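Protein chains in written order, with this note's numbering: chain A, 16 to 37; chain B, 26 to 231; chain C, 2 to 297. Report on one structure; see the data block that follows.
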Amino acid sequence: LLPCEIPVNRPAPVGCFFTPAI
Amino acid sequence: YFKDASKKVKNGLTFVKLVNPCTGEGAIYLFNMYLQQLFEIKVFKEKHHSWFINQSVQSGGLLHFATPMDPLFLLLHYFIKADKEEKFQPLDQVVMDDIFPNCILLLKLRELEKLLPHVTEEKEIGNKKYYKYSKEKTLKWLEKKVNQTMAALKSNKVNVSAHVQSTAFFSSCQASSDKEDDYIRYAHGLISDYIPKELSDDLSKY
Amino acid sequence: MDLNMLERNNTGRCRLNSPVPAVCRKEPCVLGVDEAGRGPVLGPMVYAICYCPLSRLADLEALKVADSKTLSENERERLFAKMEEDRDFVGWALDVLSPNLISTSMLGRVKYNLNSLSHDTATGLVQYALDQGVKVTQVFVDTVGMPEKYQERLQQHFPGIEVTVKAKADALYPVVSAASICAKVARDQAVKNWQFVEKLQDLDTDYGSGYPNDPKTKAWLKKHVEPVFGFPQFVRFSWRTAQSILEKEAEDVMWEDLPTGDQEGLGRITSYFNEGSRTRPRLPHRFFQERGLEQT
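Have a look at this one:
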């Protein structure tokens, strides 16, 4: 869940750029 | 869990609009026909959120929660409404509602026979059962709910202290600072989200 | 220069330093401060100090650490190697500020601009030398922003030291030029061996000098912009060059604290008076409000 709104639904290279961390 | 339920029974899972027993307005519930279980749906709806879902971004940050709910809260709404007629009535004449016709789904619940005596007096005439709302039974039943809720609040370390404190900064030792009647007040408030206002007031006196 | 600490995590900042020459703890020393990579839109900015005893300044000069800007990359590396050989009287320390640290500082809710970041980094490095017991008596700094203000701030911070902040200090003072060489060698190496945390497929590393007006750099930015994630963290998002590409190529993003026109939910002030007309909806219990949960 992002703290911001990206007003589109689209593919995104989440695996490349987003490394979840606590 | 839900998916296989909907496979086993035709339209095993249905979203239905039923009454919100607190406000009398409509609300969305989830009915699991297979397990004969009612779920309330609450939505997390803060503005300016989006999701990363797998390799995509989805706009709108809604998140729906389905939580098992005791159907007696909904049945109680109809019993209280029918109580004005001051007489014992068959169930299918109590639980009817032209605004929310799907309320008859409640009559399909297996456990009904076990549930109703918590909130009604009943009479059997010619092997047909007739029911009448009983306030004192209901208050006793609600007291149990409040006690169970208090136990859950404690075990889940929910911050119930009277002074306003953001849950984001709960202090580790908050349990000690929360007094018993904070728990009772909080639990009563939570249960009151599922019962009409005047019953909530009666419960608070009780 | 061993930058593998940076290569392990290049999203913050990292401090590197030479051993402190024993003589620098005994004799009065002169210390130079300079940075490399202030202008580029790619890669880290590196702050460096270099120090040596006043008595050995001539030996440092003999290393031909003339104005570092006139030296080629190879000459700088060779000179740096020679300084490493002369570690009995020359010491250095670096602070490598990653592009991510620069971007998040400049774009944070509380702005921390590049000049402040630079000043604080330089001050931190001088303090580091003092903490290591180096007997610093003079500091020479290449100016960033207004020299007078910078000089005043540094002098206040280090009252017992004679501070000189001057433009083109790296051409005037060998110890500043030496610092500049350390900074440039570190930056060149960091840029050349940059470890992209993003696992990108068609990544090419032909990004030129990294300066905004370098056509290769501009082409590289255009090629690697990602509509949702912007750029790899190698890029300084706070740079105008990067921002203008994002404005054109990337998706919009709305944050809760953006001043949006529709302050819905706030009725007209009069509506708070005639209570009757506004049916105040019964609010859900605190438990739900605190968790942003509503009835459907």
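All residues carry an ideal CB built from backbone N, CA and C; glycine is no exception. Quick caveat: nothing in here was measured; it's all calculated off a predicted structure.
For residue i, three-class secondary structure by DSSP
| i | result |
| --- | --- |
| C:L267 | Note that C:L267 scores 48 on pLDDT, short of 50, meaning its location in the model is unreliable and no value can be drawn from it. |
| A:T34 | coil |
| B:F40 | strand |
| B:H74 | coil |
| C:Y212 | coil |
| C:S99 | coil |
| C:K167 | strand |
| B:L130 | helix |
| B:I150 | strand |
| C:T71 | helix |
| C:M255 | strand |
| C:E276 | Here C:E276 scores only 47 on pLDDT, less than 50, and its place in the model should not be relied on; the value that follows carries that caveat. Looking at C:E276 - three-state DSSP - the assignment turns out to be coil, as it is neither helix nor strand. |
| C:T206 | coil |
| C:P233 | coil |
Counted within 10 angstroms of its Cβ, other Cβ atoms place residue i as buried (16 or more) or exposed
| i | result |
| --- | --- |
| C:A168 | exposed |
| C:N101 | buried |
| B:K182 | exposed |
| C:D35 | buried |
| C:G33 | buried |
| B:I129 | exposed |
| C:N116 | exposed |
| C:D143 | buried |
| C:G40 | exposed |
| C:D171 | buried |
| B:S197 | Note that B:S197 scores a pLDDT of 49, beneath 50, so its modelled location is shaky; the value from the coordinates is reported in the next line. Result: exposed. |
| B:P93 | exposed |
| B:K222 | exposed |
| B:L43 | buried |
| C:V66 | buried |
| B:E50 | exposed |
| B:A176 | exposed |
| B:S229 | exposed |
| B:F90 | exposed |
Under 8 Å between C-beta atoms of residue i and residue j
| i | j | result |
| --- | --- | --- |
| C:P148 | C:V42 | no |
| C:Y48 | C:L95 | yes |
| B:S81 | B:S75 | no |
| B:A52 | C:Q296 | yes |
| B:P46 | B:Y155 | no |
| C:G92 | C:P22 | yes |
| C:I162 | C:T138 | yes |
| C:K217 | C:D207 | yes |
| C:S119 | C:V145 | yes |
| B:Y54 | B:V41 | yes |
| B:L63 | B:L100 | no |
| C:L326 | C:A191 | Because chain C is modelled from 2 through 297, residue 326 of chain C falls outside the range shown and cannot be assessed. |
| B:H213 | B:V171 | yes |
| C:G1 | C:F235 | Residue 1 of chain C falls outside the range modelled here, since chain C spans only 2 to 297, and no answer is possible. |
| C:M107 | A:P22 | no |
| C:E1 | B:K72 | In the structure displayed, chain C extends from 2 to 297; residue 1 of chain C sits before or after that span and is not available. |
| C:L55 | C:C25 | no |
| B:F113 | B:K153 | no |
| C:L72 | C:V176 | no |
Element boundaries [alpha helix (DSSP H), containing residue i]
| i | result |
| --- | --- |
| C:K150 | P148 to H158 |
| B:D206 | E205 to I216 |
| C:F130 | It should be pointed out that residue 130 of chain C corresponds to Ala in this sequence rather than to Phe. From DSSP, the alpha helix (DSSP H) with C:A130 extends over L115 to D132. |
| C:V192 | P175 to K193 |
| B:E223 | K222 to K230 |
Minimum Cβ-Cβ distance from residue i to chain D less than 8 Å
| i | result |
| --- | --- |
| A:A36 | The structure shown has no chain D; the protein chains it does contain are A, B and C. |
Bounding residues of the beta strand (DSSP E) (the contiguous stretch that carries residue i)
| i | result |
| --- | --- |
| B:K66 | Checking the displayed sequence, the identity of residue 66 of chain B turns out to be Ile instead of Lys. First-last of the beta strand (DSSP E) with B:I66: Q62 to F69. |
| B:Y54 | G51 to N57 |
| C:C15 | R14 to N18 |
| B:V119 | Unbroken run through B:V119 is the alpha helix (DSSP H), L116 to V119; no beta strand (DSSP E). |
| C:E295 | L294 to Q296 |
| B:L88 | L88 to P93 |
| C:Q139 | V137 to D143 |
| B:Q83 | S81 to S84 |
(request) Could you name each continuous alpha helix (DSSP H) segment of 4 residues or more that falls completely within the stretch 31 to 66 of chain C, going from the start of the chain to the end? (result) 58 to 63
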